[in-house]
Every structure is written in structure tokens, then in C-alpha cells.
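**Q** Counting in our numbering, the sequence shown runs from 17 upward without gaps.
Glycine included, every Cβ here is placed at the ideal spot set by N, Cα and C.
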Amino acid sequence: MQNVLLQPEKGIFMDSVTSTNSVIKSQEFPHGTWIVAEEQTAGRGRKDRTWETFGEESLIFSGKIGLENFDGGPGLSLFIGTAVCKAILSVYPELTREIKIKWPNDLYRGNKKIAGILIETEVEGSSATLIVGIGMNLYGKKESIPVHLTDAGYLNTNPNRAGKKNEIVEKLIPFLNEAILLWKDTEGRKKELILLNELLLWKGQSVSYTENGQLRTGVLEGLSESGSLILKTPSGTKLDFVDSPEDFHSLN
17 MQNVLLQPEK GIFMDSVTST NSVIKSQEFP HGTWIVAEEQ TAGRGRKDRT WETFGEESLI
77 FSGKIGLENF DGGPGLSLFI GTAVCKAILS VYPELTREIK IKWPNDLYRG NKKIAGILIE
137 TEVEGSSATL IVGIGMNLYG KKESIPVHLT DAGYLNTNPN RAGKKNEIVE KLIPFLNEAI
197 LLWKDTEGRK KELILLNELL LWKGQSVSYT ENGQLRTGVL EGLSESGSLI LKTPSGTKLD
257 FVDSPEDFHS LN
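1) On the DSSP bridge assignment, give the partners of LYS118 in chain order.
2) So, with DSSP's three-state summary, where would you put LYS41?
3) Using three-state DSSP, classify LYS248 as helix, strand or coil.
4) If you measure between the beta carbons of ASN121 and SER93, is that distance less than 7 Å?
5) Looking at C-beta atoms only, is the number of pairs between the stretch 122-133 and the stretch 98-108 that lie closer than 8 Å three or more?
6) Going by the DSSP bridge assignment, what does TRP50 pair with across the sheet?
7) If you pair each beta-carbon of the stretch 221-237 with each one of the stretch 247-254, do three or more pairs fall below 8 Å?
8) Straight-line CA distance for GLY89 to GLY71?
9) Secondary structure at ALA58, three-state DSSP: helix, strand or coil?
10) Could you round the C-beta distance between LYS180 and VAL107 to whole angstroms and report it? I think they count as a contact, below 8 Å.
11) Compute the distance between the beta-carbons of ILE147 and LYS80, then report whether it is under 7 Å.
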């Protein structure tokens, strides 16, 4: 298999699906295909969580990428996160200081979650199929946010700046392809990690998390060269996380 990145002309727009990630896995959709749906009835997130879209405008996206010489290196969701940030900021440059990545796979505007990323990998020999799923709440009113989603929000709350979904998708495709190539390249990873550290939510802040049922605290120092999360405990010990701690929150 050769590398097959997303092709701008292979977009499919659907009214309603169970899950764009589930649909695009079908063999009828070749590598390079991407799907945008208006509605998703069984959206999925990491660790078997559900993904809910709400408001007047949302982006429900999945792309199918084929990679050769796949080494399964870490940090792919972070690189996809930078691609989403770049697409957002190319359309909404006024949000430059507000859009951040919550390690490892969520995007925030201020203190509100606006997007989530789910990557699923199917490996066959040295080749892999990547299913890249992105859900984003683009525009709506505060009262449309489900009450149980206390940290949820919208990318945009200005009605005069709504209706930008197609423009975001147009920008997103090349940025996603760029992210994959950077992730596969050793030097590219190093350069992109500099940007990731700048975009990292809560960097330098006190955070809390749960470990074995006990509340822990520390200071979020940044990302390692492999993309893992580095926390400094009150005793000065540095912890290296390769997966998201439970109940991970800022104390600021």
C-alpha cells in the first residue's frame, strides 16, 4: 500500500448516519475518502464515551487514510489537533489566543470544550488504515447546550460569523494531510511539538486528576519529545503520562 492521503474531490455529504467513523470503515469507501454528515445518531469518543453534537451548526467529519511503513508512533491525535486548530484559525483568526488543545484529543475555546478527535487504526502487516473522526460544535446558543455537559461550548457564538462549516472543511483537508506527513517524519514531529506546546491547554497551571480513587495534583509542565504529558508533583517528581489521567481538570 502506498500512502493515500485525503483527496479534496472525494468528499461525501450525508444527511444522517449512525457514526461517520463506522460508515467510512466500509470497503466501499477507498482510502482518500472523507465524509461530512449533518446528523450523527451514535457518535463515539475515546474510551467508549459518546460524542454529542448540539446547537445550530456542527461539524461531523471522518476521513480514511492509508499509510505504508506504519510504525504506530505516539501523538497522532495531537498532530490532528494542530491541523484542526490551523483550519479554525484560518477562518477565525480573531480566536488565535483562545483555541487550545487539551491533551490528548480535545479542543477548547477558553474553558469550554468545542471539539473532540477519535482516531481508529486498522493494521495489516506494515500498512495501516487510519480513520480520523472529528466532531465540533460550531455555533449555537448557550441554552442549547445539554445541562449535563458542564464544560461544553461552541467555536463561535457570534451570529454574524456563523455559516462557516464548508470553509472550515475546505481548509481542514490539506492541514490534515500535512499533519500526517509531519507525524511520520522525525524532524517534522520535533517542529510540530513546539507548536503543540504553545497550544497546550493549562500549560504552567495547577491541575488535578484521580489515581486509584485518590485525588492527585501537580503542575502541567508540557509535552515530552514523544508527545506524552509531563506533570510535576508537589514533591518535585516528574510524571510522564501516555494516556489521559482520569478526572483531569485545571485548578486555576
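**A** Reading off the structure:
1) ASP122
2) Three-state DSSP puts LYS41 in coil, outside helix and strand.
3) Looking at LYS248 - three-state DSSP - the assignment turns out to be strand.
4) Yes, the Cβ-Cβ distance between ASN121 and SER93 is below 7 Å.
5) yes
6) GLY27, GLY79
7) yes
8) 36 Å
9) Coil at ALA58, not helix or strand.
10) 5 Å
11) yes
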